[in-house]
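Numbering (our numbering), first residue to last: 1 to 244.
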Amino acid sequence: MVTDLKRKGFGIVLFLFAVLAGSLDSLAGEAPTPPEGMVYLPGGEFVMGREGSSNKTPHKVVLSPVFIGKHEVTQAEYERVTGTNPSGFKGADLPVEQVTWFEAWTYCRKTGGRLPTEAEWEYAARGGTTTDYFWGDEFETGRTWNEENSQETTHPVGAKPGNGFGLHDTSGNVWEWVADWYDKHYYERSPLENPPGPEAGEEKVIRGGSWYSSGSHQMSATRYWAEPATRNSNFGFRCVKDIS
(Lines of atoms letter the chains of each structure in order from A and count residues from 1; the text may use other names and numbers.)
(Lines give C-alpha, C1' and ligand atoms only; values in the text may rest on other atoms or scores of the structure.)
Protein backbone atom coordinates (compact mmCIF):
# COMPACT_ATOMS: atom_id res chain seq x y z
CA MET A 1 0.00 0.00 0.00
CA VAL A 2 2.88 2.35 0.88
CA THR A 3 4.45 1.53 -2.45
CA ASP A 4 1.18 2.33 -4.25
CA LEU A 5 0.94 5.67 -2.45
CA LYS A 6 4.52 6.50 -3.38
CA ARG A 7 3.79 5.64 -6.99
CA LYS A 8 0.64 7.78 -6.98
CA GLY A 9 2.50 10.64 -5.32
CA PHE A 10 5.32 10.40 -7.83
CA GLY A 11 2.77 10.36 -10.65
CA ILE A 12 1.10 13.50 -9.31
CA VAL A 13 4.47 15.26 -9.09
CA LEU A 14 5.26 14.33 -12.69
CA PHE A 15 1.82 15.54 -13.81
CA LEU A 16 2.21 18.88 -12.04
CA PHE A 17 5.71 19.28 -13.46
CA ALA A 18 4.41 18.63 -16.97
CA VAL A 19 1.59 21.15 -16.53
CA LEU A 20 4.01 23.77 -15.19
CA ALA A 21 6.49 23.14 -17.99
CA GLY A 22 3.74 23.44 -20.56
CA SER A 23 2.56 26.70 -19.04
CA LEU A 24 6.07 28.11 -19.08
CA ASP A 25 6.55 27.06 -22.70
CA SER A 26 3.27 28.70 -23.57
CA LEU A 27 4.26 31.92 -21.84
CA ALA A 28 7.68 31.90 -23.47
CA GLY A 29 6.08 31.52 -26.87
CA GLU A 30 3.61 34.38 -26.49
CA ALA A 31 4.53 37.69 -28.08
CA PRO A 32 4.14 40.66 -25.71
CA THR A 33 1.22 42.97 -26.37
CA PRO A 34 2.40 46.04 -28.29
CA PRO A 35 1.40 49.60 -27.36
CA GLU A 36 -1.38 51.17 -29.41
CA GLY A 37 -0.30 51.90 -32.97
CA MET A 38 2.69 49.58 -32.81
CA VAL A 39 3.45 45.98 -33.72
CA TYR A 40 5.74 43.41 -32.15
CA LEU A 41 8.92 42.96 -34.17
CA PRO A 42 10.40 39.59 -33.23
CA GLY A 43 14.12 39.34 -32.75
CA GLY A 44 16.00 37.39 -35.34
CA GLU A 45 18.82 37.04 -37.81
CA PHE A 46 18.84 38.39 -41.35
CA VAL A 47 21.17 39.44 -44.13
CA MET A 48 21.27 43.22 -44.35
CA GLY A 49 22.23 45.01 -47.54
CA ARG A 50 22.24 44.12 -51.21
CA GLU A 51 24.76 42.88 -53.74
CA GLY A 52 25.99 45.32 -56.35
CA SER A 53 26.51 48.51 -54.37
CA SER A 54 29.57 49.70 -52.45
CA ASN A 55 27.52 51.12 -49.56
CA LYS A 56 25.18 48.14 -49.13
CA THR A 57 27.62 45.26 -48.54
CA PRO A 58 25.52 42.22 -47.51
CA HIS A 59 26.26 41.12 -43.97
CA LYS A 60 24.59 39.10 -41.23
CA VAL A 61 22.83 40.92 -38.40
CA VAL A 62 21.17 39.61 -35.22
CA LEU A 63 18.57 41.83 -33.55
CA SER A 64 16.65 41.84 -30.29
CA PRO A 65 12.85 42.16 -30.39
CA VAL A 66 11.25 45.61 -30.19
CA PHE A 67 7.92 47.29 -30.76
CA ILE A 68 7.74 49.44 -33.89
CA GLY A 69 5.18 51.85 -35.29
CA LYS A 70 2.90 50.12 -37.76
CA HIS A 71 2.87 53.30 -39.82
CA GLU A 72 4.70 56.61 -40.10
CA VAL A 73 3.90 59.15 -37.38
CA THR A 74 0.86 61.15 -38.46
CA GLN A 75 0.32 64.87 -38.24
CA ALA A 76 -2.39 64.37 -35.63
CA GLU A 77 -0.07 62.28 -33.46
CA TYR A 78 2.78 64.74 -33.82
CA GLU A 79 0.67 67.80 -33.06
CA ARG A 80 -0.90 66.11 -30.03
CA VAL A 81 2.55 65.71 -28.46
CA THR A 82 4.40 68.81 -29.66
CA GLY A 83 1.63 71.33 -30.28
CA THR A 84 3.06 72.04 -33.73
CA ASN A 85 2.69 70.73 -37.28
CA PRO A 86 5.42 71.78 -39.72
CA SER A 87 4.04 69.69 -42.61
CA GLY A 88 3.66 71.13 -46.08
CA PHE A 89 0.81 68.77 -47.00
CA LYS A 90 -1.85 69.19 -44.32
CA GLY A 91 -4.05 66.36 -43.08
CA ALA A 92 -4.53 64.66 -39.72
CA ASP A 93 -3.91 61.15 -41.08
CA LEU A 94 -1.11 62.16 -43.43
CA PRO A 95 2.47 61.47 -42.32
CA VAL A 96 4.11 64.41 -40.60
CA GLU A 97 6.91 65.82 -42.76
CA GLN A 98 9.22 68.82 -42.81
CA VAL A 99 10.61 67.53 -39.50
CA THR A 100 14.33 67.56 -38.83
CA TRP A 101 16.13 64.51 -37.48
CA PHE A 102 16.40 66.28 -34.11
CA GLU A 103 12.64 66.85 -33.97
CA ALA A 104 11.94 63.25 -34.92
CA TRP A 105 14.34 62.02 -32.24
CA THR A 106 12.74 64.31 -29.64
CA TYR A 107 9.20 63.17 -30.48
CA CYS A 108 10.13 59.51 -30.12
CA ARG A 109 11.78 60.20 -26.77
CA LYS A 110 8.79 62.14 -25.50
CA THR A 111 6.52 59.22 -26.33
CA GLY A 112 8.72 56.69 -24.54
CA GLY A 113 10.61 55.37 -27.53
CA ARG A 114 13.43 56.18 -29.91
CA LEU A 115 14.22 56.23 -33.60
CA PRO A 116 14.97 52.77 -35.01
CA THR A 117 18.52 51.89 -35.89
CA GLU A 118 19.19 51.43 -39.57
CA ALA A 119 19.42 47.66 -39.03
CA GLU A 120 16.11 47.53 -37.15
CA TRP A 121 14.46 49.57 -39.87
CA GLU A 122 15.61 47.32 -42.72
CA TYR A 123 14.71 44.15 -40.83
CA ALA A 124 11.23 45.57 -40.20
CA ALA A 125 10.81 46.77 -43.79
CA ARG A 126 11.69 43.38 -45.23
CA GLY A 127 8.82 41.79 -43.35
CA GLY A 128 10.61 38.46 -43.15
CA THR A 129 11.59 38.37 -46.83
CA THR A 130 14.95 38.31 -48.63
CA THR A 131 13.75 39.99 -51.83
CA ASP A 132 14.35 43.57 -53.00
CA TYR A 133 10.84 44.56 -51.91
CA PHE A 134 8.72 42.85 -49.28
CA TRP A 135 6.48 41.47 -52.05
CA GLY A 136 9.21 40.29 -54.46
CA ASP A 137 12.11 41.38 -56.64
CA GLU A 138 10.14 43.42 -59.17
CA PHE A 139 8.74 46.85 -58.38
CA GLU A 140 4.94 47.06 -58.52
CA THR A 141 3.67 50.62 -58.77
CA GLY A 142 0.33 49.99 -57.08
CA ARG A 143 1.88 48.70 -53.87
CA THR A 144 3.40 52.04 -52.81
CA TRP A 145 3.04 55.78 -53.13
CA ASN A 146 5.71 56.82 -55.61
CA GLU A 147 6.49 59.23 -58.44
CA GLU A 148 4.12 57.44 -60.80
CA ASN A 149 0.92 57.50 -58.75
CA SER A 150 1.26 59.96 -55.86
CA GLN A 151 0.14 63.07 -57.76
CA GLU A 152 3.04 64.79 -56.01
CA THR A 153 1.62 64.64 -52.50
CA THR A 154 1.66 62.43 -49.42
CA HIS A 155 -1.25 60.09 -48.67
CA PRO A 156 -2.99 58.77 -45.53
CA VAL A 157 -0.81 56.31 -43.67
CA GLY A 158 -1.73 52.65 -43.96
CA ALA A 159 -3.64 53.02 -47.24
CA LYS A 160 -1.35 50.55 -48.99
CA PRO A 161 -1.05 46.86 -47.97
CA GLY A 162 1.29 46.06 -45.09
CA ASN A 163 4.19 43.62 -45.07
CA GLY A 164 4.61 40.34 -43.22
CA PHE A 165 5.17 42.10 -39.90
CA GLY A 166 2.11 44.31 -40.35
CA LEU A 167 4.02 47.50 -41.19
CA HIS A 168 2.72 49.98 -43.75
CA ASP A 169 4.52 52.46 -46.02
CA THR A 170 8.03 51.13 -45.47
CA SER A 171 8.26 51.70 -49.23
CA GLY A 172 7.07 55.12 -50.35
CA ASN A 173 4.95 57.96 -48.93
CA VAL A 174 7.82 59.63 -47.03
CA TRP A 175 11.47 58.83 -46.44
CA GLU A 176 12.04 57.89 -42.80
CA TRP A 177 14.75 59.21 -40.53
CA VAL A 178 16.59 56.51 -38.57
CA ALA A 179 19.01 56.83 -35.66
CA ASP A 180 22.27 56.15 -37.51
CA TRP A 181 24.86 58.50 -38.87
CA TYR A 182 25.64 57.68 -42.49
CA ASP A 183 28.96 55.98 -43.22
CA LYS A 184 29.48 54.41 -46.63
CA HIS A 185 31.75 51.72 -45.17
CA TYR A 186 29.97 51.00 -41.87
CA TYR A 187 28.53 47.71 -43.11
CA GLU A 188 32.06 46.36 -43.54
CA ARG A 189 32.82 46.64 -39.82
CA SER A 190 29.46 46.77 -38.02
CA PRO A 191 28.98 44.34 -35.12
CA LEU A 192 26.90 41.20 -35.57
CA GLU A 193 24.44 41.89 -32.75
CA ASN A 194 22.28 45.02 -32.58
CA PRO A 195 24.58 47.33 -34.57
CA PRO A 196 24.10 50.86 -33.16
CA GLY A 197 25.49 52.72 -36.16
CA PRO A 198 28.61 54.90 -36.42
CA GLU A 199 29.59 57.01 -33.42
CA ALA A 200 29.73 60.24 -35.43
CA GLY A 201 29.13 61.67 -38.87
CA GLU A 202 27.77 64.60 -40.85
CA GLU A 203 24.55 63.16 -42.30
CA LYS A 204 21.83 60.92 -40.93
CA VAL A 205 20.42 57.94 -42.80
CA ILE A 206 16.96 58.08 -44.39
CA ARG A 207 15.14 54.98 -45.59
CA GLY A 208 12.20 53.77 -47.66
CA GLY A 209 11.73 56.31 -50.43
CA SER A 210 8.83 58.72 -50.78
CA TRP A 211 5.92 59.91 -52.89
CA TYR A 212 8.53 61.56 -55.12
CA SER A 213 10.76 58.47 -55.51
CA SER A 214 11.25 55.91 -58.25
CA GLY A 215 10.98 52.20 -57.52
CA SER A 216 14.75 51.75 -57.19
CA HIS A 217 14.75 54.16 -54.25
CA GLN A 218 12.06 52.13 -52.45
CA MET A 219 13.94 48.84 -52.10
CA SER A 220 14.24 47.51 -48.55
CA ALA A 221 18.05 47.87 -48.67
CA THR A 222 18.26 51.32 -50.28
CA ARG A 223 20.22 53.86 -48.23
CA TYR A 224 20.19 57.63 -48.57
CA TRP A 225 21.30 60.39 -46.26
CA ALA A 226 20.74 64.03 -45.34
CA GLU A 227 22.03 66.59 -42.87
CA PRO A 228 20.08 66.19 -39.61
CA ALA A 229 18.78 69.77 -39.70
CA THR A 230 17.15 69.20 -43.12
CA ARG A 231 13.45 69.98 -43.56
CA ASN A 232 11.84 68.34 -46.56
CA SER A 233 8.29 67.44 -47.57
CA ASN A 234 9.65 63.97 -48.38
CA PHE A 235 10.97 63.27 -44.87
CA GLY A 236 9.05 61.71 -41.96
CA PHE A 237 9.68 58.95 -39.42
CA ARG A 238 8.33 56.18 -37.19
CA CYS A 239 9.41 55.17 -33.68
CA VAL A 240 10.38 51.99 -31.88
CA LYS A 241 10.10 51.07 -28.20
CA ASP A 242 12.42 48.70 -26.38
CA ILE A 243 10.90 45.69 -24.63
CA SER A 244 11.94 45.55 -20.98
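For glycine and all other residues, C-beta sits at the position ideal for the given N, C-alpha and C.
Using the beta-carbon count (16 or more within 10 Å), is residue i buried or exposed?
i: Val205; result: buried
i: Thr153; result: exposed
i: Asp242; result: exposed
i: Leu192; result: exposed
i: Gln151; result: exposed
i: Pro161; result: exposed
i: Glu176; result: buried
i: Asp169; result: buried
i: Gly113; result: buried
i: Thr141; result: exposed
i: Val61; result: buried
i: Val47; result: exposed
i: Ser213; result: buried
i: Ser190; result: buried
Between which residues of its own chain and residue i is the CB-CB distance below 8 Å, once the five residues before and five after are set aside?
i: Gly37; result: Gly69, Lys70, His71 and Glu77
i: Gln252; result: Residue numbering for the chain in the displayed model covers 1 to 244; residue 252 lies beyond these limits and cannot be assessed.
i: Ser54; result: Lys184
For residue i and residue j, I'd like the C-alpha separation in whole angstroms.
i: Glu103; j: Thr57; result: 30 Å
i: Pro195; j: Pro156; result: 32 Å
i: Ala21; j: Trp225; result: Annotation note: pLDDT 38 at Ala21 (below 50); position unreliable, no value reported.
i: Val81; j: Gly209; result: 26 Å
i: Gly250; j: Glu79; result: Since the displayed the chain opens at 1 and closes at 244, residue 250 lies outside it and no answer follows.
i: Val174; j: Phe237; result: 8 Å
i: Glu51; j: Ala229; result: 31 Å
i: Glu227; j: Arg207; result: 14 Å
i: Arg109; j: Gly83; result: 15 Å
i: Gly49; j: Val96; result: 27 Å
i: Thr131; j: His59; result: 15 Å
i: Ala260; j: Ser244; result: Outside the displayed range of the chain (1 to 244) lies residue 260, so it cannot be described from this structure.
i: Thr111; j: Trp211; result: 27 Å
i: Tyr107; j: Lys184; result: 27 Å
i: Glu100; j: Glu138; result: In the sequence as presented, Glu is not what sits at residue 100; that position holds Thr. Whole-angstrom Cα-Cα distance: 32 Å.
i: Glu188; j: Trp105; result: 26 Å
i: Lys90; j: Ala159; result: 17 Å
i: Tyr186; j: Tyr133; result: 23 Å
Ignore the nearest five residues each way along the sequence and tell me which others in residue i's own chain have a CB closer than 6 Å to its CB.
i: Pro34; result: Tyr40 and Phe67
i: Asp172; result: The residue you asked about is not Asp; residue 172 is Gly in the sequence shown. Counting only Cβ-Cβ distances below 6 Å, and skipping sequence neighbours, we find Thr144, Trp145, Asn146, Gly209 and Gln218.
i: Glu45; result: Val62
i: Glu148; result: Thr141
Take residue i and list the residues in its own chain whose beta-carbon comes closer than 7 Å to its own, dropping the five residues that flank it on each side.
i: Ser64; result: Gly43 and Asn194
i: Asp93; result: Thr74, Ala76, Pro156 and Val157
i: Trp135; result: Arg143
i: Val240; result: Val66, Phe67, Ile68, Gly113, Arg114, Pro116 and Glu120
Which runs of the alpha helix (DSSP H) at least 4 residues long sit entirely within the segment 44 to 95? Give them in chain order. 75 to 82
With a cut-off of 8 Å, do at least 3 Cβ pairs link the segment 162 to 169 to the segment 197 to 204? no
Ordered list of alpha helix (DSSP H) runs contained in the segment 92 to 116, each at least 4 residues: 101 to 110
At least three beta-carbon pairs within less than 8 Å, the segment 218 to 231 to the segment 123 to 139: yes
With a threshold of 8 Å, are at least 3 pairs of Cβ atoms found where one atom belongs to the segment 178 to 191 and the other to the segment 106 to 120? yes
Only counting runs of 3 or more residues, tell me where the beta strand (DSSP E) segments fall wholly within the segment 165 to 197, in order along the chain. 175 to 181
Only counting runs of 4 or more residues, tell me where the alpha helix (DSSP H) segments fall wholly within the segment 121 to 163, in order along the chain. none
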